[in-house]
Amino acid sequence: MGLKYKYKLVTNWSELHQLVAYCKQTGYASTDFETWGTNSMYLRSYPTILGVSFQPGGAWIIPLAHKESPFLKDDEWIKVLQYFGREVIEDLDIVKIGQNIKYEMNWWYKYGIIMQGRVFDTMLAKYLLDEERPHGLKEMVTRFIPEFDGYDLPGQPGQKATTEQLIAFWSNVPLDELALYCALDADLTFRLWVFFERRLIDNGFYTLFRNMMMMASRVLAEVEWRGVDMDRDYLNELVGVYKIKIDECEARIRTNPIIFKYERARLKDVKKQMINDVKAEILLLKQTEGSDRMIKSREEKVSRYIAGDYTTKKEWEMVAPTNFNSSKQMIDFLFESPEGLMFDVIKFTQDKNTKKETETPSTDEDVLNELQYKDDSGFIKDLLELRGLTKLNSTYVVGMWERLNSKNKIHASFLLHGTVTGRLSSRNPNLQNIPRDTTASDIKKMFITSPGKLLLQIDYSQAELRILAAAAKEPTMIQWFKEGKDIHLAVACKKFNTDYDKVKVILDNEDHSEYIEWKKRRKKAKTTNFGIVYEQSAKGLAEALTKEGIFTTVNEAEEFLNDWFDDFPKVRKYIDNQHRFVKKYGFVYNLFGRKRRLPNVDSNNWGKKAEAFRQSVNAPTQGGASDFTLFSSVLIREHIRRGILPSSLEQVGTVHDSLLYYINPQDIHQAIPKLYQICRNPETKLWFNFEIKGIEMKVEFEIGKNWGELHGYNPQENYLVWVA
DNA sequence: AAATAGCCGTA
DNA sequence: GTACGGCTATTTT
């Protein structure tokens, strides 16, 4: 980089006092940890240095557990860190600035420091101002402070580096090198704050930033720090069960005569090809003088191949048994090889950049389901089963097992900047895609509670449709929601011109002659309702319904959609309005003032353009619904802090429109009515200066000992006996 | 070693 | 037909 940049190294307590004094004087502290280990929850991880900037243009460095640190003896660095934490991080009058400050909060937790007072996260500021990735500090510096473009700590291991490589690297970075890098991080973060704060205010995002994003950041830091408890014994059991299931399934496939035949023919071909390749080489070598030795070695190779004697890794790979996890190999077996099944290709995969079909045949679940009818060997059925099992096993069984720490907990990260709509994302692991019990009834049961506690799940029902109805001011839909009707059923009743209460009676009686018919009709309506939110085409809706076991033609789906819009004309109008708006301005807002920029409305690529228009309707709907959930979690935390909700209530997760908590059983009956009030009608007027007219959100409560076995809240229940 | 492709789990 | 993240195989660097 060749930049002249100075930082000040703190080498004794008097300099530390000086630094604290400066922070108090300016009222600002932009901080950045460099650490050994990326996750503060790991017992063995620790911070190596802390960079602190109290004004733009420079930074001080506090060496902590770094091996050149002057505070190594008797772990004095912990006292140093805690002193700075108490004096600065816990000082209500000092503004804390950081890039991804939730991460810093979790490091402070580790040493008993609770970040307090005003907090400013440059990453989340940037996210509100521009929701498209990347949101990294490096990228922001490139964009906004180009004179520092490209600064970095050289020689960092890549993303796939092993633990050993990471240890080797981070244990050996010299203090001066690390300090320079860290100082730049802290200083440049400070400089970004300077104009981000201004821009947030100018663009009308300040309320959303302060009252939602920064508050949620604290909520999620606590969620991550707490982690979720896992049933290790049960998980161990599952590991065994899945291994057996997969082995059996694979054995069934391998002994299938059709595979046997294909495998033999394929290996013969491969071998022939390998030998031919070497023979061609020999022919080529024979034209050159003095290559006798090379020819000799290749002739030996040929005889080795003939004898089936392979030595190199590459050779073994070529003659390896068919890998049923490989879509490439499955394409060969299903569609291309004369020794295989020679099915007609059903569809091709889609290029996600151009949104166009590729030339690669698809072997996804839909395709296999269709092929299953033409396959009498049983292979497709087994392949579908194997796919399902290996997916569940690698991601959720072995995957979770590998993440268990010594306290039988898992600490995921919840990202506030993970999506373009305002939803959260979760990773390491993703706790938002754990299979439901209809997919795999055994997986969710591995998520349990701490001893003596119960799980409490708060669900928003039909959140997106309610938001859509409110945004569109659609009177019929609003009326139905107000009456507490099952919206999907109500839509079905309207469509089939039948009285709602009459159908309700039918659906309460499984033996009724029209029971199945109305079940189907409700499903049809539900799928259509979802389709509306995504702006699905008639073709897409027909496919979706057929997939759900309700065969529908495109014409019929089109009729269904037309009827839907006739019933809810204001929704059609709303969609048109969104399209007009985005065409005019290139962006849309949701109820909370969150912005979705969609420059692709002017794209020359038809597919991208159409997608942008769909997003102009979906983003505010999806984002609005998730903002309600997120805001509820903020309010719940505030009520706990004020003592209005019990302190035993601890959030452990969230999945888009539901919140997951632990709670002491004796607190449940006291907490539920308050939670109901908070979630059903959050104080949006007070905090965000808007109200949704006429619509109240609907929340449901479920309680259980594990995530896989939840039961609806019952005011009469004695939950104390559940933990006995 | 890193990036991409395909598939599939969730709301 | 919106919004994600993880795993595995394969291709690219």
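The opening residue of the first sequence carries number -3 in the numbering used here; numbering runs sequentially from there.
From the three backbone atoms N, C-alpha and C, an ideal C-beta is built for every residue, glycine too.
### Task
State yes or no: is the C-beta of N586 within less than 7 Å of the C-beta of P616?
yes
### Task
Take every Cβ of the stretch 51 to 63, pair it with every Cβ of the stretch 3 to 22, and state whether three or more of those distances are shorter than 8 Å.
yes
### Task
Tell me where the beta strand (DSSP E) around D117 begins and ends.
V115 to D117
### Query
Using 8 Å as the Cβ pair cut-off and three pairs as the minimum, do the stretch 238 to 246 and the stretch 448 to 458 touch?
no
### Task
Using three-state DSSP, classify I430 as helix, strand or coil.
coil
#### Entry: Beta-carbon separation (whole angstroms), K122 vs A25, contact threshold 8 Å
No, K122 and A25 are not in contact; Cβ-Cβ is about 20 Å, not under 8 Å.
### C-alpha gap between T359 and V237, whole angstroms
27 Å
### Query
Do E692 and R676 come within 7 Å of each other at the CB atom, strictly closer than that value?
yes
### Query
Are the stretch 210 to 218 and the stretch 400 to 417 touching, with three or more C-beta to C-beta distances below 8 Å?
yes
### Straight-line gap, V584 to V499 (C-alpha atoms, nearest Å)
39 Å
#### Entry: Identity of the residue in V76, Q611, L12 and E531 nearest V416 by Cα
Q611
### Query
Cβ of I342 within 7 Å of Cβ of V363?
yes
### Query
What are the start and end residues of each continuous alpha helix (DSSP H) run of 4 or more residues lying completely inside the stretch 472 to 539, in chain order?
483 to 491, 496 to 503 and 511 to 530
### Task
Look at the alpha carbon of H131 and the alpha carbon of I674, and state the distance between them as a whole number of angstroms.
32 Å
### Query
Whose C-alpha, out of R206, R592 and E335, is nearest the C-alpha of W683?
R206
### Query
Are the CB atoms of E470 and A621 nearer to each other than 7 Å?
no
### Task
Let me know the secondary structure DSSP gives Y305 once reduced to three states.
Note on identity: in this sequence residue 305 is Asp, with Tyr being the wrong assignment. D305 falls in the coil class under three-state DSSP.
### Query
Who are the near neighbours of L12 in its chain, counting only those whose CB is closer than 8 Å to its CB and skipping five residues on each side?
V6, I58, V76, Y79 and F80
### Task
For Q574, count neighbouring C-beta atoms within 10 Å of its own C-beta (all shown protein chains included) and say buried if the count is 16 or more, exposed if not.
buried
### Same chain, Cβ closer than 8 Å to G23, five either side skipped, listed in chain order
D89, I90 and V91
### Whole-angstrom C-beta distance between K520 and I546, which should lie under 8 Å
6 Å
### Query
Roughly how far, in whole angstroms, is the beta-carbon of Y456 from the beta-carbon of K694, given that I think they are within contact range, below 8 Å?
7 Å
### Query
Short check: CB of W560 to CB of T523, under 7 Å?
no
### Query
How many Å lie between G151 and N168 at the Cα?
11 Å
### Query
Of the residues H62, T203, I141 and L184, which one's Cα is nearest the Cα of L171?
H62
#### Entry: Straight-line gap, L162 to P153 (C-alpha atoms, nearest Å)
7 Å
#### Entry: Rounded straight-line distance, which links the Cα of Q458 to that of L427
21 Å
### Message
If I measure Cβ to Cβ from F256 and keep anything under 8 Å in the same chain, skipping five residues before and after, which residues do I get?
### Response
R250
### Query
Once you ignore the five residues that flank T625 on each side, which residues in its own chain have a CB closer than 8 Å to its CB?
Y456, A459, T650, H652, D653, S654 and L655
### Distance, F331 Cα to V630 Cα
53 Å
### Query
According to the neighbour-count rule (16 or more other Cβ atoms, all chains shown, within 10 Å of its Cβ), is I640 buried or exposed?
exposed
### Task
Would you please state the rounded distance, in angstroms, between the beta carbons of L557 and L537? I believe it to be under 8 Å.
6 Å
### Query
By DSSP, does R610 sit in helix, in strand, or in coil?
helix
### Query
Do you know whose CA, among V501, E313, K0 and G527, lies nearest K515's CA?
V501
### Task
Assign R383 to one of three DSSP states: helix, strand, or coil.
helix
### Query
Do the stretch 24 to 38 and the stretch 177 to 191 meet, that is, are 3 or more Cβ pairs less than 8 Å apart?
yes
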